[in-house]
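A short worksheet on the structure shown next.
Protein chains: 2
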Amino acid sequence: MSGSANIRDVAAMAGVSVATVSRTLKNPDLVRPETRETVLRCVAALGFVPNAQARHFRRQATDTVILLVRDISNPFYLDVFKGVEDVASSAGYKVLMGDARSDPARVHHYIEMVRERHADGLILMTGSMPVELEDAGLPPMVVALEYLPTRKLPTVLIDNEGAAAMATRHLLDLGHTAIAHLSGPVPEVMSVARVAGWRKTLTDAGVPPDERLAVRGDFSLASGEAAVDELYGRGVFFSAIFASNDEMAVGAINRLRERGVSVPGGVSVIGFDDTIFAVACNPPLTTVRQPQRDIGVEVMRLMIERLEGRLAPDAQVVMPTELVVRSSTAPAKPDGRMVAGQ
Amino acid sequence: MSGSANIRDVAAMAGVSVATVSRTLKNPDLVRPETRETVLRCVAALGFVPNAQARHFRRQATDTVILLVRDISNPFYLDVFKGVEDVASSAGYKVLMGDARSDPARVHHYIEMVRERHADGLILMTGSMPVELEDAGLPPMVVALEYLPTRKLPTVLIDNEGAAAMATRHLLDLGHTAIAHLSGPVPEVMSVARVAGWRKTLTDAGVPPDERLAVRGDFSLASGEAAVDELYGRGVFFSAIFASNDEMAVGAINRLRERGVSVPGGVSVIGFDDTIFAVACNPPLTTVRQPQRDIGVEVMRLMIERLEGRLAPDAQVVMPTELVVRSSTAPAKPDGRMVAGQ
DNA sequence: CTGTTAGCGCGTTCAG
DNA sequence: CTGAACGCGCTAACAG
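Structure representation (structure tokens):
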């Protein structure tokens with residue numbers, strides 16, 4: 028009745044061998060129906076529950092993967108996790124969530140966990156990675172949304188430059204030309220690509236940006252607020268802001284309002300990601316949507332293929348992004364200078 | 028050099044027995060220094076990393092706990108996770124994050140994982156639990172912030188009724204008397220306790236609430252928006268709202284503004300939790316803070332004590348809450364009726 | 001269809 | 001201080 032029965036107890040009670048019990052549970056069609064029923068009855072009677080550790084030990088697999096994110100405080104990862112978890116659980120895998128806190132030592136720690144066979148594989152959503160690890164000894168890994176320049180690993184990506192161009196073009200189409208950009212932490216590839224998309228789009232449109240319009244942030248709410256102060260401090264005119272994520276966009280909006288500038292009346296703001304912040308924001312945020320859940324789904328699919336040995340090491344999946352127009356962007360005022368020097 | 032060396036390979040290379048290698052790694056002082064050094068050299072040379080599965084199998088422990096939350100979409104859990112993870116990792120434990128999605132079947136699934144010895148214990152942050160499980164057969168579990176009436180389990184709590192009273196009193200102190208309440212899903216204990224705190228505080232203050240001022244929500248942004256519509260639909264006057272979490276408070280604020288009611292000028296709004304929503308909100312949200320990270324810290328401590336067998340089954344820890352005054356609440360206007368029938 | 005057997009890699013006796 | 005040997009619970013051969 029208690030949970031401490033093992034497969035031998037069941038076998039003894041059912042008068043069969045342990046192999047038969049094992050088969051009944053794992054491969055029932057190999058067992059004669061009557062035998063099967065007897066065994067199952069005994070399993071129930073003893074409250075037998077197979078020991079996963081023993082099974083894993085024997086099979087040399089844990090059926091567990093680790094999802095390692097840059098910073099778990101970022102709600103962005105919540106839906107990614109859901110996607111990963113859906114695919115994982117329907118394929119019999121468990122998901123461990125790890126928080127790298129942007130610390131290479133912690134990334135290393137999680138890689139060690141896989142090498143110790145705590146888990147079968149590692150899904151990386153972290154930009155940094157310790158370099159001392161030789162490629163050969165690396166455990167099964169796949170990457171999502173990040174760039175690890177020195178490695179060749181299966182990856183799920185978005186077109187960051189193209190998505191940034193989409194955001195910038197939206198503002199151009201509304202008549203804005205003085206478009207500031209709040210970037211993520213440069214020189215990370217992701218941030219650099221978005222800066223490039225912004226700059227190129229403006230240049231191609233014949234309004235190459237004043238470099239004072241580019242402010243470096245770190246994806247935090249606070250850095251969005253600070254960036255607005257920085258822009259005013261630089262004394263540069265702008266009628267729109269393209270922020271590299273929603274959280275900074277919200278920070279920027281809040282600071283603009285504190286300064287008496289309305290959004291989108293005074294300044295238009297567009298974000299990036301389409302997280303919960305975009306809907307919670309007031310006004311609701313125009314943003315570039317990343318399909319978070321689907322990204323999770325795809326990267327877990329890659330992981331499974333990788334674990335089953337059927338996947339090219341340089342497989343790449345590019346996920347689409349999409350402009351979501353809400354209420355934080357509006358046509359530019361003809362007398363655009365009204366905001367200057369505010 | 029690759030990671031596939033086992034303890035026998037090390038023993039062979041070092042010319043000692045496997046037992047000596049094991050001791051060197053786990054209990055170095057039992058080994059003569061020179062032997063130890065030789066062994067360690069060989070460990071390094073072979074890139075030996077002990078197989079965690081084998082160790083766990085042998086020890087009948089996984090050094091892993093599961094943190095099962097009601098709904099991972101709720102950013103509230105992010106900091107709880109951090110607290111859990113901090114304590115866990117410094118005690119040598121790993122944390123698996125599970126998402127119950129308010130589905131008892133999923134809770135059951137995670138309990139099974141523990142019974143299968145996938146993990147050593149389960150931290151429950153879910154209100155529902157399948158009742159068919161007999162108390163005796165339950166694996167090590169501790170609970171945080173939730174009430175499982177039928178069970179007696181170690182628990183970390185807050186004083187929900189007291190905290191709700193604190194929020195309500197803040198509004199009373201500002202001169203409000205027509206105070207609406209957006210509750211969580213009644214009849215869950217947590218929601219009921221907050222409703223009780225609201226009602227009792229008003230009654231004690233001599234302004235027993237019109238029952239039309241109580242609107243049932245489900246902790247979602249959308250239900251906060253809908254609740255505002257519901258209040259206006261009921262035609263009941265209110266100058267302040269106490270929402271049972273921040274997300275609903277933000278939803279309420281946004282809908283109020285869409286209706287042309289300013290916050291806090293027209294209506295004051297107070298939330299509950301102090302999640303990232305409170306700071307991202309415009310205006311910044313007055314709220315009742317729960318110490319999320321510390322709650323995680325405490326509940327993981329309880330878990331460890333429970334796993335080490337030293338913990339009363341009915342241990343309880345009550346964590347303090349705190350009023351955080353920001354800008355979404357303001358003194359009531361003398362001509363309070365200005366909002367009515369808006 | 002079923003039973004027998006041999007480990008998976010490690011920790012822990014118990015002798016020396 | 002060290003080595004030999006056993007077994008944790010299960011699954012995957014291989015025989016019947």
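These protein sequence lines map, in sequence, to chains H and U.
For the first sequence, my numbering assigns the number 28 to the initial residue and increments by one for each residue that follows.
For the second sequence, my numbering assigns the number 28 to the initial residue and increments by one for each residue that follows.
Backbone N, C-alpha and C fix where the C-beta goes; we use that ideal spot for every residue, glycine too.
Since the structure is predicted, the reported quantities are computational estimates derived from the model, not experimental observations.
Would you tell me roughly how many angstroms separate the C-alpha atoms of R221(U) and A270(U), rounded to the nearest one? As a working note, residue 221(U) is residue 194 in the second sequence. As a working note, residue 270(U) is residue 243 in the second sequence. In a straight line, the C-alpha of R221(U) is about 10 Å away from that of A270(U).
DSSP-derived helix/strand/coil call for K360(H): On the first sequence, position 333 is the one that residue 360(H) refers to. K360(H): coil per DSSP, three-state reduction.
With a threshold of 7 Å (Cβ to nearest heavy atom), would N281(U) be considered close to the ligand FMN? Ligands displayed in this structure: none; no statement on the ligand FMN is therefore possible.
If you run the structure through DSSP and keep just helix, strand and coil, what is I34(H)? For the purposes of this step, residue 34(H) is taken as residue 7 along the first sequence, with counting starting at 1. Helix.
Inter-stretch contact (C-beta, 8 Å, three-pair minimum) for the stretch 333 to 343 of chain H and the stretch 227 to 234 of chain H: no
Does DSSP classify L149(H) as helix, strand or coil? For the purposes of this step, residue 149(H) is identified with residue 122 of the first sequence, where counting begins at 1. Residue state, collapsed to three classes: strand.
What are the boundary residues of the beta strand (DSSP E) that includes K179(H)? Start at 1 with the first residue of the first sequence, and residue 179(H) comes out as number 152. Neither: K179(H) is in no beta strand (DSSP E) and is coded neither H nor E.
How would you write the range of the beta strand (DSSP E) that Q343(U) sits in, first residue to last? Counted from its first residue, the second sequence places residue 343(U) at position 316. Note, Q343(U): beta strand (DSSP E), 343 to 346.
In the stretch 30 to 104 of chain U, which residue ranges form an unbroken alpha helix (DSSP H) of at least 4 residues, counting only runs that do not cross its ends? 34 to 41, 45 to 53, 60 to 73, 79 to 86
Residue(s) in a DSSP beta bridge with K227(H): What you label residue 227(H) is simply residue 200 of the first sequence in a count that begins at 1. Note: K227(H) sits in no beta bridge, so no partner.
Taking CB distances under 8 Å as the criterion, tell me whether K109(U) reaches chain H. Looking up residue 109(U) in the second sequence gives position 82. Taking Cβ atoms only, chain H reaches closer than 8 Å to K109(U), which makes this a yes.
When we look at the beta-carbon of G154(H) and count the other beta-carbons within 10 Å, is it buried (16 or more) or exposed? Taking the first sequence and counting its residues from 1, one reaches residue 154(H) at position 127. So G154(H) counts as buried.
Closer than 8 Å at the beta carbon, the chain H residues around I99(U): Taking the first residue of the second sequence as position 1, residue 99(U) is located at position 72. Within chain H, the residues near I99(U) are L105, F108, K109.
Pull up the distance between the alpha-carbon of G292(U) and that of G244(U), whole angstroms please. On the second sequence, position 265 is the one that residue 292(U) refers to. On the second sequence, position 217 is the one that residue 244(U) refers to. Approximately 24 Å between the Cα atoms of the pair.
Residues near I331(H) in its chain [Cβ-Cβ closer than 6 Å; skip 5 each side]: Along the first sequence, read from residue 1 onward, the residue named residue 331(H) stands at position 304. For I331(H), where only same-chain residues beyond five positions count, the Cβ hits under 6 Å are A118.
How about M152(U) and L165(U): are their beta carbons less than 8 Å apart? Reading the second sequence from its first residue, position 125 is the one you call residue 152(U). Reading the second sequence from its first residue, position 138 is the one you call residue 165(U). Contact flag unset, no.
What does L184(U) pair with, by DSSP beta-bridge criteria? Counted from its first residue, the second sequence places residue 184(U) at position 157. Beta-bridge pairing links L184(U) to V345(U).
Quick one: which unbroken alpha helix (DSSP H) runs of 4-plus residues sit fully inside the stretch 258 to 301 of chain H? Chain order, please. 273 to 285
For the alpha helix (DSSP H) containing A127(U), list its first residue and its last residue. Position 100 of the second sequence, counting from 1, holds the residue named residue 127(U). Element bounds for A127(U): n/a, residue is neither H nor E.
Is the beta carbon of S266(U) less than 8 Å from the beta carbon of P311(U)? As a working mapping, residue 266(U) is identified with position 239 in the second sequence. As a working mapping, residue 311(U) is identified with position 284 in the second sequence. Against a cut-off of 8 Å, the Cβ pair of P311(U) and S266(U) comes out as no contact.
Taking DSSP as the reference, what is the three-state secondary structure of M365(H)? As a first step, residue 365(H) is located in the first sequence; it is residue number 338 there, counting from the start. Only weak support is given to the placement of M365(H): the predicted model assigns it a pLDDT of 45, under 50, and the value that follows is read from those uncertain coordinates. Helix.
Below 8 Å between beta carbons: does that hold for V184(H) and P340(H)? As a first step, residue 184(H) is located in the first sequence; it is residue number 157 there, counting from the start. As a first step, residue 340(H) is located in the first sequence; it is residue number 313 there, counting from the start. This sequence places Leu at residue 184(H); Val is not what is there. No. Outside cutoff.
Going by C-alpha distance, which of V294(U), L123(U), A81(U) is nearest L149(U)? Residue mapping note: residue 149(U) aligns to position 122 of the second sequence, counting from 1. Per the Cα distances, L123(U).
Contacts that K121(H) makes with chain U (C-beta to C-beta distance below 8 Å): On the first sequence, residue 121(H) is found 94 positions in, with the first residue counted as 1. The contacting residues are L123, M140, H145.
Of the choices S31(U), V58(U), V70(U), R59(U), whose alpha-carbon is the least far from that of A41(U)? In the second sequence, the residue the question calls residue 41(U) occupies position 14. The residue with the shortest Cα to Cα distance from A41(U) is V70(U).
Given A39(H), which residues of its chain have a CB within under 7 Å of its CB, disregarding the five upstream and five downstream residues? The residue given as residue 39(H) occupies position 12 in the first sequence. So no residue of the chain qualifies.
Hey, would you say I280(H) sits closer than 8 Å to L240(H), going by beta carbons? Taking the first residue of the first sequence as 1, we reach residue 280(H) at position 253. Taking the first residue of the first sequence as 1, we reach residue 240(H) at position 213. Against a cut-off of 8 Å, the Cβ pair of L240(H) and I280(H) comes out as no contact.
Spatial neighbours of A88(U) within its chain, please: CB distance less than 7 Å, with the 5 preceding and 5 following residues excluded, ordered by chain position. In the second sequence, residue 88(U) corresponds to position 61, counting from 1. D147, listed in sequence order.
Starting from L329(H), trace the alpha helix (DSSP H) both ways and give me its first and last residue. Against the first sequence, residue 329(H) aligns to sequence position 302. Start and end: 319 to 334.
Using DSSP bridges, identify the partner residues of T313(U). Residue mapping note: residue 313(U) aligns to position 286 of the second sequence, counting from 1. DSSP output for T313(U) lists I297(U) as bridge partner(s).
Which same chain residues, not among the five before or five after L258(U), have their C-beta less than 7 Å away from its C-beta? Numbered from its first residue, the second sequence carries residue 258(U) at position 231. Hits under 7 Å: A207, V242, F265.
Give me the chain H residues within the contact set of I280(U), using Cβ-Cβ distance strictly less than 9 Å, ordered along the chain. Position 253 of the second sequence holds residue 280(U). Chain H residues near I280(U): N309.
Could you tell me if V277(H) is buried or exposed, where buried requires 16 or more neighbouring beta carbons within 10 angstroms of its beta carbon? Looking up residue 277(H) in the first sequence gives position 250. Under this definition V277(H) is a buried residue.
Buried versus exposed, by CB contacts within 10 Å (16 or more), S289(H): Within the first sequence, residue 289(H) is the residue found at index 262, counting from 1. It is exposed - the Cβ of S289(H) has fewer than 16 other Cβ atoms within 10 Å.
To the nearest angstrom, how far is it from the Cα of V351(U) to the Cα of L57(U)? For the purposes of this step, residue 351(U) is identified with residue 324 of the second sequence, where counting begins at 1. For the purposes of this step, residue 57(U) is identified with residue 30 of the second sequence, where counting begins at 1. If I take the Cα positions, the gap works out to 55 Å.
Nearest-angstrom Cβ-Cβ length linking T348(H) and L198(H), presumed shorter than 8 Å: Counting from one through the first sequence, the residue named residue 348(H) turns up at place 321. Counting from one through the first sequence, the residue named residue 198(H) turns up at place 171. In fact, because the Cβ distance is near 16 Å, the residues do not count as touching under 8 Å.
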